[in-house]
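There are 2 protein chains.
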Amino acid sequence: MVSIKDIASAAKVSISTVSYALNGSDRITKETADRIQSIANELGYVPNRAARMLKKRETMLVGVFLTDFSGHFYGDLLFGLKEELNRRDYDLIVCSGRRSHRMIPERAFDGAIILDATFADEELLGYADRGHKLVVLDRELEHANVNQVLLDNKAGATLAVEHLLGQGLSRICAVGGPESAFDARQRMRAVRQAVERAPEASLEELPGAFDKASGYAAGPRIAEAAREGPVGVFCLNDEMAIGLCDYLRTQTSLQIGRDVHVVGYDNIELAQYMQPRLATIDYSKRKWGALAAEQLLKMIEGEARGAGADLRTVG
Amino acid sequence: MVSIKDIASAAKVSISTVSYALNGSDRITKETADRIQSIANELGYVPNRAARMLKKRETMLVGVFLTDFSGHFYGDLLFGLKEELNRRDYDLIVCSGRRSHRMIPERAFDGAIILDATFADEELLGYADRGHKLVVLDRELEHANVNQVLLDNKAGATLAVEHLLGQGLSRICAVGGPESAFDARQRMRAVRQAVERAPEASLEELPGAFDKASGYAAGPRIAEAAREGPVGVFCLNDEMAIGLCDYLRTQTSLQIGRDVHVVGYDNIELAQYMQPRLATIDYSKRKWGALAAEQLLKMIEGEARGAGADLRTVG
DNA sequence: ACTATCCGTAGAAACGTTTCGATAAACCGT
DNA sequence: ACGGTTTATCGAAACGTTTCTACGGATAGT
């Protein structure tokens, strides 16, 4: 593999000159710089990322951690993230699985974005304590090295319940999320408040885990409730709503939109292709991603500047 | 950040001893090794990935390149990939976008898996020429450093057409893929052959680009054809099939499954949630991913062994 | 013309590992 | 007790960069 050294000997200059030239330093005359540049191109030189990482102590890489690659949820989010990072000359890397967590302490990137239930809060705090920069998505975590990008879960869940109440439904079911999920707790709290505010509305809470299976599992209880008249169901995310619809359609003769009104949350791509189209709470995932990137870069570059890279002893 | 050096001085041994101990070499006595190990744990030592990459000239990382993160297609594939790689102690990294291509020549990973239309064949061959190991998914590319993992597109497409013919449909439409896509060409060729084999079947080919929009765009022509009796449509992938169904449902009164029979390809997750469920050609994406991983590792590790890592002059 | 200043380039150290070869101590058999 | 072998540890070089400091030559000022 051709290295800076090869260019140096080909151009009959020192390796430092090559380095300066290739990085566009004005210490080098334009002519030598151009000459070196073209020799580098000729030889097909590409800088070695590992060496640069090691020396500069920065990677220009940001990792995003997802619970899994199933992906329905993440397309737009990742798009937003990537765009914003690329604008600032960073690259995005997507990771999943417990194994890959170690890339954080190994300094494989300059910062990480966490949307991954396999990270415990304590684990994240541990990384933050050691100086790693993190952004957590829709999770509560207080630390100088952690930024949070939260959704307005309260507003969204309230909207969902009011949508159901507005259709004249007074018997509301809510299918919840895992106890550990911050956003699930926020949404459910808002549901309770919204139902309480309505004079004669009633609420039944059903357990869930944010996956299709739990929506399906909630089916029987909801079908039973629907025997006594139309019922409004708010599933705390779309996956569960889809699971529920699946149950209702295949295992009962209840009609969605008449006997049972379902509303989900997140507006995943699948939602719009359901028949009938699933009612859901939408928010801009792209913007969410861009915001997360911005928060992370603020921490990364903020420190780089703050550390006084340009301090020099004078006189 | 704590380095091997810190451990060395804490343990009052040389850094080489620490390195050997931490890597489980039998040059070091068990007692010292244990002592060093526990000191490392105490100090919270984590090896620096960049340094190790630089020195060992390997990353234990594999990159997979996708056209975009939209994701419907990739969940299971990535799962299969990741599982297989993890079994062999490699980590998986997902990348997208032209910018990130450069990570290949920069040696950011030991090999890459390409399922990304933004790579031109020549670009890939260029990398391969420089010694980078690649696996291309459903793409034809001959090179010593490139392995291909192909799908049996011919069998799948034949199955799809025969499914339609078997339902008594004799007027077949096929919505194609981009001209540059190898799998699209293979599928379309099989379609033609299958139709020709059927005595009185006719085929109409419509252009497409593997996205929902092109399925939608094919709608008017298909609706027109359906006025003269039921027609069978094979969309060369599910995305287009879904786009077509969307058109038929919203813009016409034709009934899917009666006036128009649609079959797709890939069995993406969305397919099973369509109403009615989309007929499609299924294959194991998980297995596909595992196979790709295996092919790549064979090249990577094959070379490592072949290069005689264990050759030693004796006598 | 002689020193002071500046400018372009070179030299060398450092980043954190791995690993080859060397070295000193301990062991063995006779 | 002595050479020879083994054993545990150490020293140093190397991976490919970046970047601080040094240096020599040209230019400019008086």
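From first to last, the protein sequence lines stand for chains A and B. Quick note on numbering: the working numbering labels position 247 of the first sequence as 488, and the sequence is numbered without any gaps. Quick note on numbering: the working numbering labels position 45 of the second sequence as 286, and the sequence is numbered without any gaps. Don't be surprised by glycine CBs; every beta carbon is placed ideally from N, CA and C.
Throw me the rounded Cβ distance for the residue 515/B and residue 514/A pair, which I believe falls under 8 Å.
6 Å
Kindly provide the ranges of any alpha helix (DSSP H) runs that are 4 or more residues long and lie completely inside the segment 360-441 of chain A, ordered along the chain.
Correct list: 362-370, 394-407, 423-438.
Meets three-Cβ-pair contact criterion under 8 Å: the segment 277-284 of chain A and the segment 315-333 of chain A:
no
Examine chain B for any beta-carbon lying closer than 9 Å to the beta-carbon of residue 300/A, and answer yes or no.
yes
According to DSSP, what are the bridge partners of residue 475/B?
415/B, 504/B
Could you check the C-alpha separation between residue 352/A and residue 537/A for me, to the nearest Å?
7 Å
Does any residue of chain B have a CB that is nearer than 9 Å to the CB of residue 357/A?
no
Does the beta-carbon of residue 343/B, which I'm using as the reference point, lie nearer than 8 Å to any heavy atom of the ligand GDP?
Questions concerning the ligand GDP fall outside what the structure shown contains, since it holds no ligand whatsoever.
Under 8 Å by Cβ, that's how I've got residue 332/A and residue 341/B pegged, so tell me the actual separation to the nearest angstrom.
5 Å
Measure the CB-CB distance between residue 369/B and residue 387/B and report whether it falls below 9 Å.
Between residue 369/B and residue 387/B, the gap from beta carbon to beta carbon is short of 9 Å.
Tell me which residues of the segment 472-484 of chain B have at least one Cβ-Cβ distance to chain A shorter than 9 Å, keeping chain order.
483
How is residue 259/B classed by DSSP in three states: helix, strand or coil?
helix
Taking 9 Å as the threshold (C-beta atoms), are residue 355/A and residue 380/A in contact?
yes
Rounded to whole angstroms, what is the Cα-Cα separation between residue 295/A and residue 357/B?
30 Å
Using the Cα positions of residue 423/A and residue 406/A, report the straight-line distance between them to the nearest angstrom.
In this structure, the CA atom of residue 423/A is about 25 Å from the CA atom of residue 406/A.
Between residue 503/B and residue 482/B, which are expected to be in contact by the criterion C-beta below 8 Å, what is the C-beta distance as a whole number of angstroms?
Contact holds; Cβ gap of about 5 Å.
Beta-carbon spacing of residue 491/B, residue 464/B below 9 Å
no
Compare the C-beta of residue 289/A against all C-beta atoms of chain B and say whether one is closer than 9 Å.
yes
Using the three-state DSSP reduction, which class does residue 494/B fall into: helix, strand or coil?
The three-state secondary structure of residue 494/B, taken from DSSP, is coil.
Whole-angstrom distance between residue 288/B and residue 257/A, CA atom to CA atom:
Here the alpha carbon of residue 257/A sits roughly 28 Å from the alpha carbon of residue 288/B.
Closer than 8 Å at the beta carbon, the chain B residues around residue 381/A:
The contacting residues do not exist; residue 381/A stays about 25 Å from chain B at best.
Out of curiosity, what's the CA-to-CA distance linking residue 359/B and residue 469/B?
41 Å
Taking Cβ positions only, does residue 325/B come closer than 9 Å to chain A?
False, the Cβ-Cβ gap to chain A never drops below 9 Å.
Selection from 511/A, 315/A, 446/A that minimises the alpha carbon distance to residue 419/A
446/A
Under 8 Å (Cβ pairs) to chain B, residues found in the segment 339-352 of chain A:
The residues in question are 340, 341, 343, 344, 346, 347, 348, 349.
At a CB-CB cut-off below 7 Å, which residues of chain A make contact with residue 294/B?
291
Spatial neighbours of residue 317/B in its chain, beta-carbon cut-off 6 Å, leaving aside the 5 residues before and after
526, 527
Exposed unless 16 or more other CB atoms sit within 10 angstroms - verdict on residue 484/B:
buried
Quick one: what does DSSP say residue 211/B is sitting in, helix, strand or coil?
Only positions 242 to 556 of chain B appear in the structure, and residue 211/B is not among them; the question remains open.
Pop quiz: residue 511/A and residue 511/B are said to be a contact at Cβ under 8 Å. What is the actual Cβ separation, rounded to whole angstroms?
So it is a contact: roughly 6 Å between Cβ atoms.
For the pair the segment 298-305 of chain B and the segment 255-270 of chain B, tell me if three or more CB-CB distances fall below 8 Å.
no
Would you say residue 291/A and residue 291/B are within 9 Å of each other, going by their C-beta atoms?
yes
Quick check on residue 449/B: does DSSP put it in helix, strand or coil?
The DSSP-derived three-state label of residue 449/B is coil.
Straight-line Cα distance separating residue 274/A from residue 264/A
10 Å
Reference residue 409/B; option with closest CA among 395/B, 442/B, 259/B, 435/B:
442/B
Who are the near neighbours of residue 530/B in its chain, counting only those whose CB is closer than 6 Å to its CB and skipping five residues on each side?
318, 321, 322
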